[in-house]
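Q: Residue numbers (our numbering): 574 to 828. Glycine included, C-beta positions come from ideal geometry on N, C-alpha and C.
(1) Is DSSP giving residue 813 helix, strand or coil here?
(2) Applying the criterion that 16 or more other CB atoms from any shown protein chain within 10 Å of the CB defines a buried residue, is residue 825 buried or exposed?
(3) Quick one: give me the first and last residue of the beta strand (DSSP E) that residue 781 is part of.
(4) Less than 8 angstroms between the beta carbons of residue 795 and residue 782, yes or no?
(5) Compute the Euclidean distance between the alpha carbons of residue 737 and residue 815, then round it to the nearest angstrom.
(6) Taking its Cβ as the centre, do 16 or more other Cβ atoms sit within 10 Å of residue 719, making it buried, or is it exposed?
(7) Given a cut-off of 8 angstroms, decide if residue 800 and residue 772 are closer than it, judged by their beta-carbon atoms.
(8) Assuming contact is defined by CB atoms lying nearer than 8 angstroms, are residue 780 and residue 792 in contact in what I supplied?
(9) Can we say the stretch 805-813 touches the stretch 755-765, given the rule of at least three CB pairs closer than 8 angstroms?
(10) Tell me whether residue 587 sits in a helix, a strand or coil according to DSSP, three-state version.
(11) Can you tell which of 646, 642, 586 and 813 has its C-alpha closest to the C-alpha of residue 770?
(12) By how many angstroms is the C-alpha of residue 753 removed from the C-alpha of residue 722?
(13) What residues in its chain sit with their C-beta under 6 angstroms from that of residue 786, if we drop five residues either side in the sequence?
(14) Measuring CA to CA, which of 763, 775 and 609 is closest to residue 746?
(15) With residue 759 as the anchor, note down where its beta strand (DSSP E) starts and where it stops.
(16) Along the alpha helix (DSSP H) that carries residue 609, what are the first and last residues, could you check?
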């Protein structure tokens, strides 16, 4: 209710009574459809209408002030408008596959692995035998060098030295030896003879003549025009094709 002082004015009293009736009538008319509203909304509406009716009853002095206050009060108690729900953004799971990952998967794919072809047993045995044979041959060469040596030098033959000089080379082993590339050198390395392709059989010997001639199964010819071996004393050195020392023969005059 307003705090204004009531005056004994018939006109004012008539206006106030009329206003109150109009307010009640309007409130009753407006209140009719409120029954269709939800309970909470209806309560707010009834409260607002009640305050509005009180404002009409306090007319005319402070009608504007009371009306503004009640309208604001009504607005403040009005349920807030439901916010429109914004649909959530769909989230997608993104998987990045790098070339390294693809390569790793491809490498681990058992379907892509090609089975190794088994080696035939015969081939494996053949390879094993060849390797074993090669090892045995190598060990034999290292442990047992060719048993070939210079066994005699005819350095002072009767008559012409050039025609009668020769060197005897003997193979004391049971295995044949290929003399190709071997060398025979005198003391000081003044004369060198290189053997041609020649197989010296096991237990056999060959004569190497100082003079020229035609090679045969038991004779080789140096082809020198002068005697090689000194009558006073000399040495002969026999080396294989790799330069390894095989034999050395030294003699002295009168020995």
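A: From the atom records:
(1) Position 240 of the chain shown, counted from the start, is the residue given in the question as residue 813. DSSP, reduced to helix, strand and coil, places residue 813 outside both helices and strands of the structure shown, so it counts as coil.
(2) Locating residue 825 in the chain shown gives position 252, counting from the first residue. Flag for residue 825 reads exposed.
(3) Position 208 of the chain shown, counting from 1, holds the residue named residue 781. Per DSSP, residue 781 belongs to the beta strand (DSSP E) from 778-782.
(4) Your numbering for residue 795 matches position 222 in the chain shown. Your numbering for residue 782 matches position 209 in the chain shown. Yes.
(5) Counted from its first residue, the chain shown places residue 737 at position 164. Counted from its first residue, the chain shown places residue 815 at position 242. In a straight line, the C-alpha of residue 737 is about 30 angstroms away from that of residue 815.
(6) In the chain shown, the residue the question calls residue 719 occupies position 146. Counting Cβ neighbours within 10 Å, residue 719 comes out buried, since at least 16 surround it.
(7) Reading the chain shown from its first residue, position 199 is the one you call residue 772. Reading the chain shown from its first residue, position 227 is the one you call residue 800. Cβ atoms of residue 772 and residue 800: not closer than 8 angstroms.
(8) The count along the chain shown starts at 1 and reaches residue 780 at position 207. The count along the chain shown starts at 1 and reaches residue 792 at position 219. Going by C-beta atoms, residue 780 is nearer than 8 angstroms to residue 792.
(9) yes
(10) Here residue 587 corresponds to residue number 14 of the chain shown, with the count starting at 1. In this structure, residue 587 counts as helix in the three-state DSSP scheme.
(11) The residue you call residue 770 lines up with position 197 of the chain shown. Out of 646, 642, 586 and 813, 813 has the C-alpha closest to the C-alpha of residue 770.
(12) Position 149 of the chain shown, counting from 1, holds the residue named residue 722. Position 180 of the chain shown, counting from 1, holds the residue named residue 753. Each residue's Cα considered, the two are about 15 angstroms apart.
(13) Residue numbering aside, residue 786 sits at position 213 when the chain shown is read from its first letter. Hits under 6 angstroms: 794.
(14) As a first step, residue 746 is located in the chain shown; it is residue number 173 there, counting from the start. Taking each of 763, 775 and 609 in turn and checking the Cα distance to residue 746, the smallest one comes out for 775.
(15) For the purposes of this step, residue 759 is identified with residue 186 of the chain shown, where counting begins at 1. Start and end: 756-759.
(16) Here the question's residue 609 lines up with position 36 in the chain shown. Neither: residue 609 is in no alpha helix (DSSP H) and is coded neither H nor E.
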